[in-house]
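What follows is a set of notes on a single structure, which appears directly below.
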Amino acid sequence: MMLARFVFRSQLRPSLSARQSASYSSASAASAEAERTIREGPRNDWSKDEIKAVYDSPVLDLLFHGVNFPPFSLSLVLPPLIQTCMGMEVCCTLGMIEKQQALELKKAGLTAYNHNLDTSREYYPNVITTRSYDERLETLEHVREAGINVCSGGIIGLGEAEEDRVGLLHTLATLPSHPESVPINALLAVKGTPLEDQKPVEIWEMIRMIGTARIVMPKAMVRLSAGRVRFSMPEQALCFLAGANSIFTGEKLLTTPNNDFDADQLMFKTLGLTPKPPSFSEEDSESENCEKVASSH
Numbered sequence: 002m003m004l005a006r007f008v009f010r011s012q013l014r015p016s017l018s019a020r021q022s023a024s025y026s027s028a029s030a031a032s033a034e035a036e037r038t039i040r041e042g043p044r045n046d047w048s049k050d051e052i053k054a055v056y057d058s059p060v061l062d063l064l065f066h067g068v069n070f071p072p073f074s075l076s077l078v079l080p081p082l083i084q085t086c087m088g089m090e091v092c093c094t095l096g097m098i099e100k101q102q103a104l105e106l107k108k109a110g111l112t113a114y115n116h117n118l119d120t121s122r123e124y125y126p127n128v129i130t131t132r133s134y135d136e137r138l139e140t141l142e143h144v145r146e147a148g149i150n151v152c153s154g155g156i157i158g159l160g161e162a163e164e165d166r167v168g169l170l171h172t173l174a175t176l177p178s179h180p181e182s183v184p185i186n187a188l189l190a191v192k193g194t195p196l197e198d199q200k201p202v203e204i205w206e207m208i209r210m211i212g213t214a215r216i217v218m219p220k221a222m223v224r225l226s227a228g229r230v231r232f233s234m235p236e237q238a239l240c241f242l243a244g245a246n247s248i249f250t251g252e253k254l255l256t257t258p259n260n261d262f263d264a265d266q267l268m269f270k271t272l273g274l275t276p277k278p279p280s281f282s283e284e285d286s287e288s289e290n291c292e293k294v295a296s297s298h
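Residue numbers for the sequence shown follow the working numbering, so the first one is 2 and each next one is one higher.
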């Protein structure tokens, strides 16, 4: 079974309330921060209070697109092979790794490495006990130092509070360099697991997470990831308007169901989305890797 990732890009624009600010006494934090991002670019010195203010903004003010991405451009990325010389981007999820392991992956031609923080530092011990939060951050540091693109996000619906969602985004947005991609997952409760009785995540919760991530990490690919199967096409369209510009397609994500390729193709056609070129690779990386492969035979 093949899992694919689609990416599309679109344009950050001021929200309705920001464009019509004369009709309001003041713009929301989301509007103000989005406009500042357009003027000044990304920042890494966010406070939790600032991110909380963006998160708590009216939902319609969170419907932004990324200023760093051209409109309605989509890309299919297939992850099975490294150095295939086919223009593919490869993202691996291999757990915690040391510095030397990261360097070996870079040498092998890895494009990106996924290692999610999952939730806030404060809530983390409630759901994960096999490794520490600092160990996860160390892995991200090793990946970054090796020159590999960082893919790191989290999952909502674990029983966490809104403050924990803000805390997760704050940690990601204050890293020395923002992750190149930020997956936002919604828990799909599985019978027989400790979280089987968790309340399903509502679309408005996803919109708040995605919209806030887009504003505080404007150059990141914000990926609408696991749990998407529960949302209708119109609901997914709202997530795209909020700033999501990537999805994972295929019948399963690990052990849980996911939207299949044909359904996503219909959605792309309905919403007018088109493919975009690979988003991570440098222009000469493919030819460089092909030369390495050729010289090894």
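Every residue, glycine too, gets a C-beta built ideally from N, C-alpha and C.
Note that the structure is predicted; figures quoted are calculated from it, not measured.
{"Item": "Where Ile129 falls: helix, strand or coil (DSSP)", "Value": "coil"}
{"Item": "Complete alpha helix (DSSP H) runs within the segment 114–163 (minimum length 4 residues, chain order)", "Value": "134–146"}
{"Item": "Ala28 to Asn117 span [Cα, whole Å]", "Value": "33 Å"}
{"Item": "Ile157 and Val202 closer than 8 Å at C-beta", "Value": "yes"}
{"Item": "One or two residues paired with Cys92 in a DSSP bridge", "Value": "Ala113"}
{"Item": "Inter-stretch contact (C-beta, 8 Å, three-pair minimum) for the segment 215–235 and the segment 244–263", "Value": "yes"}
{"Item": "Assumed close pair Ala221, Pro180 - CB separation to whole angstroms, cut-off 8 Å", "Value": "6 Å"}
{"Item": "Of the listed residues Lys107, Thr120, Leu272, Ile211, nearest to Glu161 (C-alpha basis)", "Value": "Thr120"}
{"Item": "Burial state of Lys200 (16 or more Cβ within 10 Å)", "Value": "exposed"}
{"Item": "With 16 other Cβ atoms within 10 Å as the buried cut-off, status of Ala264", "Value": "exposed"}
{"Item": "Beta-carbon spacing of Glu123, Gly154 below 8 Å", "Value": "no"}
{"Item": "Residue span of the alpha helix (DSSP H) that contains Ala28, given as start and end", "Value": "Careful: Ala28 lies outside any alpha helix (DSSP H) and carries neither H nor E."}
{"Item": "For Ala103 and Arg209, the rounded distance between their alpha carbons", "Value": "33 Å"}
{"Item": "6 Å Cβ shell around Thr140 - same chain, five flanking residues per side excluded", "Value": "Met97, Ile98, His116"}
{"Item": "Status (buried if at least 16 other CB within 10 Å, exposed otherwise) for Val191", "Value": "exposed"}
{"Item": "Contiguous beta strand (DSSP E) assignments of at least 3 residues, all confined to the segment 239–270", "Value": "247–250"}
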